[in-house]
Amino acid sequence: MCESNAFKGDKKIMENVAVLKVKENSNFVLEDIKGNSKEIQGKLLYIDFIK
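Structure, rendered in structure tokens:
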């Protein structure tokens, strides 16, 4: 299993990211391994995958 963290700028916005969706309005929806979700407006800088 690998650790996956999503960052916007220098701020970690979600841990254990499992799903990344892009909506029609260009917002991002992140879902973690527990099924929690968070919608991000604007730019998502990166998702860091660490094994």
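Quick note on numbering: the sequence shown equals residues -19 to 31 in my numbering. Don't be surprised by glycine CBs; every beta carbon is placed ideally from N, CA and C. Bear in mind that the values here come from a model prediction, so they are computed numbers and not experimental data.
Beta-carbon proximity check, residue i vs residue j, cutoff 7 angstroms
i	j	result
I20	N(-4)	no
K(-12)	L24	yes
Inter-residue Cα distance where the pair is residue i and residue j
i	j	result
D28	N7	19 angstroms
E11	K3	13 angstroms
A(-14)	K18	11 angstroms
Residues bridged to residue i [DSSP beta-bridge criterion]
i	result
K(-9)	K(-12)
E4	In the DSSP output, where bridge partners are listed per residue, E4 has none listed.
Residue i, DSSP secondary structure in three states
i	result
K18	strand
L10	strand
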